[in-house]
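>
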Amino acid sequence: MSEEVKRSSYSADSIQALEGMEHVRMRPSMYIGDTGVRGLHHLVYEVVDNSIDEALAGHCDVIKVTINEDNSITTEDNGRGIPVDLHKKEGVSALEVVMTKIGAGGKFDKDSYKVSGGLHGVGVSCVNALSDHLKATVYRDGIIWEQEYEKGKPMYPVKSVGTTDLNGTVVTFKPDVSIFQQTSEYNYDTLASRMRELAFLNKGITITLTDRREKDEKGEFVSEVFHSEEGLKEFIKFLDGTREPIISEVIAIEGEKNDIPVEVAMVYNTSFNENLHSYVNNINTHEGGTHLAGFRRGLTTTLKKYADASGLLDKLKFEISGDDFREGLTAIVSVKVAEPQFEGQTKTKLGNREVTAAVSQAVSEMLENYLEENPNDAKTIVQKVILAAQARHAAKKAREMVQRKTVMSGGGLPGKLSDCASQDPHESEVFLVEGDSAGGTAKQGRDRHFQAILPLRGKILNVEKAMSHKVFENEEIKNIYTALGVTIGTEEDSKALNLSKLRYHKVVIMCDADVDGSHIATLILTFFFRYMKELIEAGHIFIATPPLYLIKKGSKKRYAWSNKERDEIANSFNGGVSVQRYKGLGEMNAEQLWDTTMNPEFRTLRQVTIDNTGEADRIFSMLMGDEVPPRREFIEKNAVYANIDA
Ligand code: 0RA
Numbered sequence: 029m030s031e032e033v034k035r036s037s038y039s040a041d042s043i044q045a046l047e048g049m050e051h052v053r054m055r056p057s058m059y060i061g062d063t064g065v066r067g068l069h070h071l072v073y074e075v076v077d078n079s080i081d082e083a084l085a086g087h088c089d090v091i092k093v094t095i096n097e098d099n100s101i102t103t104e105d106n107g108r109g110i111p112v113d114l115h116k117k118e119g120v121s122a123l124e125v126v127m128t129k130i131g132a133g134g135k136f137d138k139d140s141y142k143v144s145g146g147l148h149g150v151g152v153s154c155v156n157a158l159s160d161h162l163k164a165t166v167y168r169d170g171i172i173w174e175q176e177y178e179k180g181k182p183m184y185p186v187k188s189v190g191t192t193d194l195n196g197t198v199v200t201f202k203p204d205v206s207i208f209q210q211t212s213e214y215n216y217d218t219l220a221s222r223m224r225e226l227a228f229l230n231k232g233i234t235i236t237l238t239d240r241r242e243k244d245e246k247g248e249f250v251s252e253v254f255h256s257e258e259g260l261k262e263f264i265k266f267l268d269g270t271r272e273p274i275i276s277e278v279i280a281i282e283g284e285k286n287d288i289p290v291e292v293a294m295v296y297n298t299s300f301n302e303n304l305h306s307y308v309n310n311i312n313t314h315e316g317g318t319h320l321a322g323f324r325r326g327l328t329t330t331l332k333k334y335a336d337a338s339g340l341l342d343k344l345k346f347e348i349s350g351d352d353f354r355e356g357l358t359a360i361v362s363v364k365v366a367e368p369q370f371e372g373q374t375k376t377k378l379g380n381r382e383v384t385a386a387v388s389q390a391v392s393e394m395l396e397n398y399l400e401e402n403p404n405d406a407k408t409i410v411q412k413v414i415l416a417a418q419a420r421h422a423a424k425k426a427r428e429m430v431q432r433k434t435v436m437s438g439g440g441l442p443g444k445l446s447d448c449a450s451q452d453p454h455e456s457e458v459f460l461v462e463g464d465s466a467g468g469t470a471k472q473g474r475d476r477h478f479q480a481i482l483p484l485r486g487k488i489l490n491v492e493k494a495m496s497h498k499v500f501e502n503e504e505i506k507n508i509y510t511a512l513g514v515t516i517g518t519e520e521d522s523k524a525l526n527l528s529k530l531r532y533h534k535v536v537i538m539c540d541a542d543v544d545g546s547h548i549a550t551l552i553l554t555f556f557f558r559y560m561k562e563l564i565e566a567g568h569i570f571i572a573t574p575p576l577y578l579i580k581k582g583s584k585k586r587y588a589w590s591n592k593e594r595d596e597i598a599n600s601f602n603g604g605v606s607v608q609r610y611k612g613l614g615e616m617n618a619e620q621l622w623d624t625t626m627n628p629e630f631r632t633l634r635q636v637t638i639d640n641t642g643e644a645d646r647i648f649s650m651l652m653g654d655e656v657p658p659r660r661e662f663i664e665k666n667a668v669y670a671n672i673d674a
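Numbering (this note's numbering), first residue to last: 29 to 674.
And the structure:
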């Protein structure tokens, strides 16, 4: 083998490849979803997914991800290494093809079990196209190979730079700031939660994340190692860490049905929430799909059969519904599908019909065994289901009251709502404001054409700890439903929302910029997360950011949103300033509130997104649940601002 792979003349196909790379740079969102924070992090997932594929194929068990000082990323794995031999059709090294041809990634690998792949499964060439600079180093067959690229274009042909006993691939890339204009800074926690998730979903792999931008107390770089021996079983324990289980252990299965690998883990806890998380090829399927349908079917039929036979249902006066089997249930369903069909608004809903039966059968079998072998747990679960059915019965009545109010036109709106003039939901906004006095200021300050105000009284109900009929009976929550105009509930899924009549496309939570205010904002967010998740997913929920300080010197006035900003402004005024700390919205007059927090021209709204439902679920159950110590620790760690758009 020659030490250097010579580049022959470009074939027609490689010219097309270049055009493909140009297209990625012209329309990045088509490939990675967006060019904001998500897209930026997606680049890392894309490369790591290739390493995970190597692991799933049985060739790799260690993956390292490093955030470098300059916000470039290095990923390393001990897989086979990207092939470097001459690619006959392209006339260049296979490495160059993998790195520069869109959609080439899988071509070499037809036989092996390739199931991973980022949300868009676009391959490392996309990462290359969107990087200012990328360097690939391959350890393979005793030789170290290297190639570097600028904005996706090779700087030189693949060359050998040394010998080695190792095998694997190292990729270092620096995202192109001209493409990632919003931010090019990596968030450690975002990457950590994805790496942790990948470690749980692919047991046995060791994933290390290191942040070379920051050192801990010992002077070492911030770093975590993610590794799970038990996979989903441990994932459940992690998610449900602050909830109290009611059965003796996590129920887990792992198997293959009709060539579809199925993994499920589940536990019942004392809460009233259903927490289902589903994955296809390591991708979180937020919108569910056929695998989740299979899980629900398997669970319902098996538990129903068992409950009927047990005689425990004999005294029950009404039917048990599907919902009742899932109250207080936390479950993870993970399947690997060779050719997944993704549907739905965000392309995170599995469409493959054949998967339903596979999952349903697998779940039925494991659950039957479990119930058989653990009669005490079985009885506990059935009793929980009966309680849920009774509560649902009560909730239904309460819900019908909300519904009746919602469907009434005009007069049905809550008295406390100061509605806007516009009837067009696209331009309309509603501010949920803590307290009547701030509500009054907001009402004066707003642009009444498109801004509505709904004052909420003090602390709204903590839905994390309340049964759902209590939630639907709560005045403030009823007001939110009727003001927004969303309707709820079918028999099968009592929390499913109908957004077609949503009256405002922006729902803005506006609370004081202090501890109480952020507690209230979290309570409201918890409500949206548990009862109106669709609104968050559709991007309708926002958080207003009122300023912390007013800095004045003579007639000059500036607002500051952080201590740093305050000091910078004071400096720019050359000192001699008066600084007012806003303790609450109530201290601002209507004009100030409009200028800083409500006027679309100047305000900053933070859109609430859910990157990682498991992590969001864990945080809400921790913040709003019963256990105090983890909450205190979280609040202390995040004292400046809790990351609500986690
Ligand atoms: C193409 C083919 C093969 C492996 C890879 C790409 C590969 C890509 C990446 C990206 C990061 N780490 C990676 N490791 C492997 C198959 C290799 C073979 O058949 O020998």
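Virtual Cβ for every residue (Gly too), placed ideally from N, Cα, C.
Is any heavy atom in the ligand 0RA found nearer than 7 Å to the beta carbon of residue 130?
Residue numbering aside, residue 130 sits at position 102 when the sequence shown is read from its first letter. Incorrect: residue 130 has no Cβ contact closer than 7 Å to the ligand 0RA.
> Check each candidate in 344, 392, 308 and name the one with the smallest Cα separation from residue 333.
Indexing the sequence shown from 1 puts residue 333 at position 305. Nearest option by C-alpha distance: 392.
> So, helix, strand or coil for residue 176, using DSSP?
For the purposes of this step, residue 176 is taken as the residue at position 148 of the sequence shown. Strand, per DSSP.
> Cα separation between residue 437 and residue 315?
For the purposes of this step, residue 437 is taken as the residue at position 409 of the sequence shown. For the purposes of this step, residue 315 is taken as the residue at position 287 of the sequence shown. Reliability fails at residue 437, whose pLDDT of 41 lies under 50, so the model's placement of it is uncertain and no value is given.
> I'd like to confirm something about residue 79: is its beta-carbon nearer than 7 Å to some heavy atom of the ligand 0RA, or not?
For the purposes of this step, residue 79 is taken as the residue at position 51 of the sequence shown. Flag set: Cβ of residue 79 near the ligand 0RA.
> Residue 397 bridges to which residues according to DSSP?
Stepping through the sequence shown from its first residue, residue 397 is reached at position 369. Per DSSP, none; premise fails for residue 397.
> Could you spell out where the beta strand (DSSP E) holding residue 460 opens and where it closes?
Position 432 of the sequence shown, counted from the start, is the residue given in the question as residue 460. 457-462 is the span of the beta strand (DSSP E), which, as asked, contains residue 460.
> Tell me whether residue 109 is buried or exposed, calling it buried when 16 or more other Cβ atoms sit within 10 Å of its Cβ.
Stepping through the sequence shown from its first residue, residue 109 is reached at position 81. Buried, by the Cβ-count rule.
> Under three-state DSSP, which class holds residue 203?
Against the sequence shown, residue 203 aligns to sequence position 175. Residue 203: strand per DSSP, three-state reduction.
> Can you tell me the Cα-Cα spacing of residue 365 and residue 635, whole angstroms?
Within the sequence shown, residue 365 is the residue found at index 337, counting from 1. Within the sequence shown, residue 635 is the residue found at index 607, counting from 1. Distance between the alpha carbons of residue 365 and residue 635 is about 33 Å.
> Report the start-end ranges of each beta strand (DSSP E) in the region 62-135 that is 3 residues or longer and not cut off at the edges.
Runs of the beta strand (DSSP E) inside the region 62-135: 90-95, 101-105.
> Determine the DSSP secondary structure at residue 660, reduced to helix, strand or coil.
On the sequence shown, position 632 is the one that residue 660 refers to. Of the three classes helix, strand and coil, the one that applies to residue 660 here is helix, per DSSP.
> Check whether the Cβ atoms of residue 614 and residue 469 sit closer than 8 Å, and answer yes or no.
Numbered from 1 along the sequence shown, position 586 holds the residue referred to as residue 614. Numbered from 1 along the sequence shown, position 441 holds the residue referred to as residue 469. Yes.
> For residue 660, count neighbouring C-beta atoms within 10 Å of its own C-beta (all shown protein chains included) and say buried if the count is 16 or more, exposed if not.
What you label residue 660 is simply residue 632 of the sequence shown in a count that begins at 1. Counting Cβ neighbours within 10 Å, residue 660 comes out exposed, since fewer than 16 surround it.
> Just verifying my parser: in three-state terms, what is the DSSP assignment at residue 536?
Reading the sequence shown from its first residue, position 508 is the one you call residue 536. Here residue 536 sits in strand by DSSP.
> Would you be able to state if there are at least three C-beta pairs under 8 Å between the region 397-409 and the region 344-351?
No: the two stretches stay apart, fewer than three of their Cβ pairs being nearer than 8 Å.
> As a quick exercise: from 390, 622, 304, 98, pick the residue whose alpha carbon is nearest that of residue 561.
The sequence position of residue 561 within the sequence shown is 533, counting from 1. Considering only alpha carbons, the answer is 304.
> Go through its chain and collect everything with a Cβ distance to residue 547's Cβ below 8 Å, but skip five positions before and after it.
On the sequence shown, position 519 is the one that residue 547 refers to. The residues are 487.
> Under DSSP, the beta strand (DSSP E) around residue 294 begins and ends at which residues?
To locate residue 294, count along the sequence shown from 1; it is residue 266. Note, residue 294: beta strand (DSSP E), 288-296.
> Under the rule that 16 or more other beta-carbon atoms within 10 Å means buried, what is residue 54, buried or exposed?
Translated into positions along the sequence shown, residue 54 becomes position 26. Exposed, since its Cβ has fewer than 16 Cβ neighbours within 10 Å.
> Under 7 Å from any heavy atom of the ligand 0RA, does the C-beta of residue 124 make it?
Translated into positions along the sequence shown, residue 124 becomes position 96. Checking the Cβ of residue 124 against the ligand 0RA gives no.
> From the DSSP output, in three-state form, read off residue 468 for me.
As a first step, residue 468 must be located in the sequence shown, where it is residue number 440. In this structure, residue 468 counts as helix in the three-state DSSP scheme.
> Considering Cα atoms alone, identify which of 88, 275, 389, 47 is closest to residue 326.
Here residue 326 corresponds to residue number 298 of the sequence shown, with the count starting at 1. Nearest C-alpha to residue 326: 389.
> Under the DSSP definition of a beta bridge, which residues are partnered with residue 182?
On the sequence shown, residue 182 is found 154 positions in, with the first residue counted as 1. Beta-bridge pairing links residue 182 to 177.
> Does the distance from the CB of residue 742 to the CB of residue 225 come in under 8 Å?
Residue numbering for the chain in the displayed model covers 29 to 674; residue 742 lies beyond these limits and cannot be assessed.
> Does at least one heavy atom of the ligand 0RA sit under 7 Å from the Cβ of residue 93?
Within the sequence shown, the letter at position 65 stands for residue 93. It does not: the Cβ of residue 93 is nowhere closer than 7 Å to a heavy atom of the ligand 0RA.
> So what does DSSP say about residue 275, is it helix, strand or coil?
Position 247 of the sequence shown, counting from 1, holds the residue named residue 275. In the structure shown, residue 275 sits in coil (DSSP, three-state: anything other than H, G, I, E or B).
> Quick check on DSSP: helix, strand or coil for residue 283?
For this step, residue 283 is matched to residue 255 along the sequence shown. Correct three-state label for residue 283: strand.
> So the candidates are 440, 76, 492; which of them puts its Cα closest to the Cα of residue 508?
By one-based count along the sequence shown, residue 508 stands at place 480. Taking only the C-alpha atoms, the option nearest residue 508 is 440.
> With DSSP as the reference, please indicate the residues paired to residue 167 in a beta bridge.
Counted from its first residue, the sequence shown places residue 167 at position 139. Its beta-bridge partners are 172, 196.
> Quick one, which of 529, 493, 505, 290 has its alpha-carbon nearest residue 485's?
Within the sequence shown, numbered from 1, the residue matching residue 485 stands at position 457. Checking every option, the nearest Cα to that of residue 485 belongs to 505.
> Would you decide whether residue 323 is buried or exposed? Buried here means 16 or more other CB atoms lie within 10 Å of its CB.
For the purposes of this step, residue 323 is identified with residue 295 of the sequence shown, where counting begins at 1. Residue 323 comes out buried.
> Tell whether a beta-carbon distance below 8 Å holds between residue 122 and residue 230.
If you number the sequence shown from 1, residue 122 lands on position 94. If you number the sequence shown from 1, residue 230 lands on position 202. Result no, Cβ atoms of residue 122 and residue 230 do not sit closer than 8 Å.
> Since residue 641 is in the alpha helix (DSSP H), which residue starts that stretch and which ends it?
If you number the sequence shown from 1, residue 641 lands on position 613. Residues 641-652.
> Hey, quick one: how far does the alpha helix (DSSP H) through residue 320 stretch, first residue to last?
Here residue 320 is taken as the residue at index 292 of the sequence shown, counted from 1. 318-338 is the span of the alpha helix (DSSP H), which, as asked, contains residue 320.
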